[in-house]
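Going letter by letter, the sequence shown gives residues 1 to 106 in the UniProt record's numbering.
Quick reminder that beta carbons are idealized off the backbone N, C-alpha and C, glycines included.
One structure is given below, encoded as C-alpha coordinates.
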Amino acid sequence: MEEINGQEIGEKVVKVLKTIYDPEIPVDIYELGLIYDVMVSSDADVKILMTLTSPNCPVAETLPVEVEEKVKTLKEVNDAEVEITFDPPWNKDLMSEEAKLELGML
(Lines of atoms letter the chains of each structure in order from A and count residues from 1; the text may use other names and numbers.)
(Lines give C-alpha, C1' and ligand atoms only; values in the text may rest on other atoms or scores of the structure.)
Protein backbone atom coordinates (compact mmCIF):
# COMPACT_ATOMS: atom_id res chain seq x y z
CA MET A 1 0.00 0.00 0.00
CA GLU A 2 1.15 3.47 -0.87
CA GLU A 3 2.33 5.68 1.95
CA ILE A 4 0.03 8.59 2.71
CA ASN A 5 1.66 11.94 2.05
CA GLY A 6 -0.32 14.23 4.33
CA GLN A 7 1.37 17.39 3.12
CA GLU A 8 0.72 16.57 -0.53
CA ILE A 9 -2.92 15.75 0.17
CA GLY A 10 -3.20 18.94 2.24
CA GLU A 11 -1.94 21.01 -0.69
CA LYS A 12 -4.44 19.38 -3.05
CA VAL A 13 -7.23 20.03 -0.56
CA VAL A 14 -6.23 23.71 -0.44
CA LYS A 15 -6.38 23.86 -4.26
CA VAL A 16 -9.94 22.53 -4.10
CA LEU A 17 -10.86 24.99 -1.34
CA LYS A 18 -9.68 27.83 -3.58
CA THR A 19 -12.38 26.88 -6.10
CA ILE A 20 -15.18 27.43 -3.57
CA TYR A 21 -16.52 30.95 -3.23
CA ASP A 22 -18.61 32.75 -0.67
CA PRO A 23 -21.73 33.67 -2.68
CA GLU A 24 -21.77 37.21 -1.31
CA ILE A 25 -18.09 38.01 -1.78
CA PRO A 26 -16.13 37.35 -5.02
CA VAL A 27 -13.25 35.75 -3.13
CA ASP A 28 -12.63 32.07 -2.46
CA ILE A 29 -13.14 30.72 1.06
CA TYR A 30 -9.44 30.02 1.55
CA GLU A 31 -8.30 33.57 0.76
CA LEU A 32 -11.19 34.88 2.86
CA GLY A 33 -9.65 33.19 5.88
CA LEU A 34 -12.62 30.89 6.50
CA ILE A 35 -10.41 27.80 6.65
CA TYR A 36 -8.75 27.49 10.05
CA ASP A 37 -7.13 24.09 9.66
CA VAL A 38 -6.78 21.15 7.28
CA MET A 39 -5.80 17.90 8.98
CA VAL A 40 -4.91 14.72 7.12
CA SER A 41 -4.82 11.43 9.03
CA SER A 42 -2.58 8.47 8.23
CA ASP A 43 -5.63 6.89 6.56
CA ALA A 44 -6.02 9.89 4.21
CA ASP A 45 -9.10 11.08 6.07
CA VAL A 46 -9.31 14.84 5.83
CA LYS A 47 -10.80 17.02 8.52
CA ILE A 48 -11.36 20.68 7.79
CA LEU A 49 -11.95 23.18 10.54
CA MET A 50 -13.64 26.23 9.10
CA THR A 51 -15.82 29.14 10.01
CA LEU A 52 -18.42 31.24 8.23
CA THR A 53 -18.48 35.00 7.84
CA SER A 54 -21.41 34.98 10.29
CA PRO A 55 -23.58 32.38 12.05
CA ASN A 56 -26.51 33.64 9.96
CA CYS A 57 -24.57 33.25 6.73
CA PRO A 58 -27.07 32.30 3.99
CA VAL A 59 -24.87 29.33 3.01
CA ALA A 60 -24.38 28.03 6.56
CA GLU A 61 -26.21 24.84 5.56
CA THR A 62 -24.81 24.33 2.08
CA LEU A 63 -21.22 25.59 2.16
CA PRO A 64 -19.84 22.91 4.54
CA VAL A 65 -21.54 20.23 2.43
CA GLU A 66 -20.03 21.69 -0.75
CA VAL A 67 -16.58 21.74 0.87
CA GLU A 68 -16.95 18.10 1.99
CA GLU A 69 -18.24 16.91 -1.40
CA LYS A 70 -15.52 18.68 -3.40
CA VAL A 71 -12.71 17.46 -1.13
CA LYS A 72 -14.06 13.89 -1.39
CA THR A 73 -13.65 14.05 -5.18
CA LEU A 74 -9.85 13.99 -4.74
CA LYS A 75 -8.75 10.44 -5.45
CA GLU A 76 -6.10 10.64 -2.69
CA VAL A 77 -8.73 11.43 -0.07
CA ASN A 78 -10.38 8.54 1.71
CA ASP A 79 -13.01 10.60 3.51
CA ALA A 80 -13.66 14.21 4.39
CA GLU A 81 -15.36 15.90 7.29
CA VAL A 82 -16.00 19.57 7.88
CA GLU A 83 -16.34 21.04 11.33
CA ILE A 84 -17.73 24.53 11.70
CA THR A 85 -16.50 26.71 14.53
CA PHE A 86 -17.10 30.31 15.54
CA ASP A 87 -14.19 30.31 17.92
CA PRO A 88 -12.43 32.53 17.06
CA PRO A 89 -15.14 34.41 15.17
CA TRP A 90 -14.25 35.41 11.63
CA ASN A 91 -13.22 39.00 10.98
CA LYS A 92 -11.74 40.78 8.00
CA ASP A 93 -8.22 40.60 9.49
CA LEU A 94 -8.23 36.88 8.64
CA MET A 95 -8.42 37.67 4.93
CA SER A 96 -5.30 37.33 2.81
CA GLU A 97 -3.73 40.42 1.24
CA GLU A 98 -5.01 39.09 -2.10
CA ALA A 99 -8.60 39.02 -0.82
CA LYS A 100 -8.33 42.51 0.66
CA LEU A 101 -6.93 43.79 -2.62
CA GLU A 102 -9.72 42.11 -4.58
CA LEU A 103 -12.30 43.79 -2.36
CA GLY A 104 -10.59 47.19 -2.50
CA MET A 105 -9.69 47.16 1.19
CA LEU A 106 -6.00 47.92 0.72
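Would residue i and residue j be called neighbours here (beta carbons separated by less than 7 Å)?
i	j	result
Ala-80	Val-27	no
Asp-43	Asn-78	yes
Val-82	Glu-66	no
Leu-52	Ala-60	yes
Glu-76	Ile-9	yes
Pro-58	Ile-84	no
Work out the CA separation of residue j and residue i for me, nearest whole Å.
i	j	result
Leu-94	Gly-33	5 Å
Val-40	Met-105	33 Å
Val-71	Leu-17	8 Å
Tyr-30	Val-14	7 Å
Phe-86	Ile-35	11 Å
Glu-102	Glu-11	23 Å
Ala-99	Glu-24	13 Å
Asp-22	Pro-89	16 Å
Asn-5	Ser-54	34 Å
Asn-91	Asn-56	14 Å
Leu-74	Glu-97	28 Å
Thr-62	Glu-3	33 Å
Terminal residues of the continuous alpha helix (DSSP H) containing residue i?
i	result
Val-67	62-72
Ile-9	6-17
Glu-83	It is not in any alpha helix (DSSP H) - Glu-83 instead sits in the beta strand (DSSP E) that spans 79-84.
Leu-32	Where Leu-32 is concerned, there is no enclosing alpha helix (DSSP H), given that its DSSP letter is neither H nor E.
Within the continuous beta strand (DSSP E) that includes residue i, where are the two ends?
i	result
Leu-49	45-50
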